[in-house]
Ligand code: NAD
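In this note's numbering, the protein residues as written are 1 to 483.
Here you go:
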């Protein structure tokens, strides 16, 4: 049997249980069995990370840079194999899966460099004869909890900065995608980190995750996932006896893409197709609301319906597939129930929405991307995160109404506008209430070296990625020195 253990205190440790990792493009394909850690094993991993902390916190920047660079290089060297694994376990179409693997490598390389550039400040005091030094120190043991939709990039963008700034790590990946997490852990196990510096504990959120939230030796929790779980994480972190845990939450989105009358139609359609449907719509930054002004509305809808005919749904690893399967039966059910709800709410389904249990002989969770028109912003399909290949067009009068509808959402992760007017582009850049704004570009798809994160119910705490990651993974010390 192809089994994969957890990595705890520098050793590979069998779990209390095993789960099967199944290919959503072909449910007959068993990728492997993956260990499920018990609460006690999680506790052992936390103790190991705690014990390893003094040594890793005192490691030289060069040691950290070398370790992270080695992992980045290995990811690059194994890009094809890892991309294939990602597509196989998550269902992301192979070109997107390869792009995600490349992203993970870039992140490790970026933070290898950042380890050598940890900033500090030195300045004069307001008091005579005194000096002031502001330095950044590691926070401590960092607990990392990740979702299933970016099986390698999200773990990378949390693990790499945690280690770069001298923290030790306990990493719990999502149950649905243990394969990429395990592969990453296996690379880290050979990267020269002292035992206990990095630990992998695969297992259910309710056990492994909660153990991490409740253990006072875990100083910080970085979480990406649904809003509901994010709120539980926040409560647990502040509800602890003694020191509260520092926490960072990246959660859901209901991202608008505004299309103005003066937009280049083909640019707008490509932005909407990519943003709404690529990665099967399973991106927190997906454009699920297409807010379109009335002068371009009918042309935009007609072009979208036409373009959607060319989106080949199929096995994520087959050449030519653009839209892979939905990740599993539960998510498929959620998508289908929102499609039914949209019709019940009075929206008109103009393309897609059909589920196929079998494509080219492969049993999988296939769903044709769905487009609704005649929707308004108060409908539940426009307020709640669906997390599938389902988008709604909301028709508006003019740019003012477009902006107000775009911002009328509990979320604020990403937002976009398609326009050829510099004036409008600047106006929307300034007034869209989101952590990331895209002009003539899809709402999803970001760079690895700049901050990532949102506002309102989408996020809480400091930004991820780029130099801004230091704000979460370090704690600042202000020293007054009187020589
Ligand atoms: P989820 O909340 O179900 O699970 C996320 C992680 O939390 C998993 O590892 C899970 O095991 C763990 N978990 C579950 N219950 C827990 C508990 N009680 N205590 C501790 N950990 C627990 O989310 P998901 O279904 O894996 O991911 C999809 C969600 O992630 C969507 O809402 C999506 O928008 C969001 N997401 C957000 C971003 C972002 O950066 N904003 C990026 C990707 C995904």
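Cβ atoms here follow ideal geometry from the backbone N, Cα and C, with glycine treated the same way.
The ligand NAD heavy atoms versus the CB of residue i: any closer than 7 Å?
i: residue 492; result: This structure cannot settle anything about residue 492, because the visible part of the chain is limited to 1 through 483.
i: residue 387; result: yes
i: residue 277; result: no
i: residue 15; result: no
i: residue 179; result: no
i: residue 450; result: no
i: residue 284; result: yes
i: residue 108; result: no
i: residue 254; result: no
i: residue 430; result: no
i: residue 86; result: no
i: residue 229; result: yes
i: residue 440; result: no
i: residue 526; result: This structure gives no information on residue 526, because the portion of the chain shown stretches from 1 to 483.
i: residue 251; result: yes
i: residue 138; result: no
i: residue 445; result: no
i: residue 172; result: yes
i: residue 466; result: no
i: residue 144; result: no
i: residue 148; result: yes
Taking just the CA atoms, how far does residue j sit from residue i?
i: residue 394; j: residue 173; result: 36 Å
i: residue 279; j: residue 392; result: 17 Å
i: residue 380; j: residue 432; result: 21 Å
i: residue 155; j: residue 161; result: 10 Å
i: residue 387; j: residue 283; result: 7 Å
i: residue 248; j: residue 223; result: 6 Å
i: residue 70; j: residue 45; result: 23 Å
i: residue 336; j: residue 304; result: 21 Å
i: residue 471; j: residue 428; result: 28 Å
i: residue 122; j: residue 131; result: 8 Å
i: residue 482; j: residue 120; result: 18 Å
i: residue 68; j: residue 111; result: 7 Å
i: residue 418; j: residue 430; result: 14 Å
i: residue 127; j: residue 272; result: 58 Å
i: residue 34; j: residue 425; result: 48 Å
i: residue 454; j: residue 129; result: 43 Å
i: residue 339; j: residue 390; result: 8 Å
i: residue 104; j: residue 72; result: 7 Å
i: residue 209; j: residue 145; result: 7 Å
i: residue 28; j: residue 168; result: 38 Å
Please state whether DSSP places residue i in a helix, a strand or coil.
i: residue 280; result: helix
i: residue 68; result: helix
i: residue 41; result: helix
i: residue 345; result: coil
i: residue 30; result: strand
i: residue 488; result: Only positions 1 to 483 of the chain appear in the structure, and residue 488 is not among them; the question remains open.
i: residue 89; result: helix
i: residue 459; result: strand
i: residue 433; result: coil
i: residue 464; result: strand
i: residue 427; result: helix
i: residue 118; result: coil
i: residue 417; result: strand
i: residue 101; result: helix
i: residue 471; result: helix
i: residue 11; result: strand
Determine, using beta carbons only, whether residue i and residue j come nearer to each other than 8 Å.
i: residue 93; j: residue 444; result: no
i: residue 124; j: residue 61; result: no
i: residue 195; j: residue 9; result: yes
i: residue 171; j: residue 100; result: no
i: residue 225; j: residue 251; result: yes
i: residue 91; j: residue 24; result: yes
i: residue 257; j: residue 296; result: no
i: residue 181; j: residue 202; result: yes
i: residue 308; j: residue 275; result: no
i: residue 136; j: residue 476; result: yes
i: residue 300; j: residue 291; result: no
i: residue 36; j: residue 18; result: yes
i: residue 385; j: residue 232; result: no
i: residue 261; j: residue 240; result: no
i: residue 22; j: residue 143; result: no
i: residue 197; j: residue 52; result: yes
i: residue 410; j: residue 457; result: yes
i: residue 96; j: residue 364; result: no
Are there any heavy atoms of the ligand SAM lying less than 7 Å away from the beta-carbon of residue i, as far as the coordinates show?
i: residue 205; result: Absence of the ligand SAM is noted for the structure shown, with the ligand NAD being the only ligands found.
Residue ranges of each beta strand (DSSP E) within the segment 347-412, 3 or longer: 348-351, 355-359, 362-367, 370-375, 390-396
4 or more residues per run - each alpha helix (DSSP H) lying fully within the segment 243-319: 265-277, 294-308
Runs of alpha helix (DSSP H) lying entirely within the segment 200-237, each at least 4 residues, in chain order: 210-214
Complete runs of the beta strand (DSSP E) confined to the segment 127-204 [at least 3 residues]: 131-138, 141-145, 168-172, 198-200
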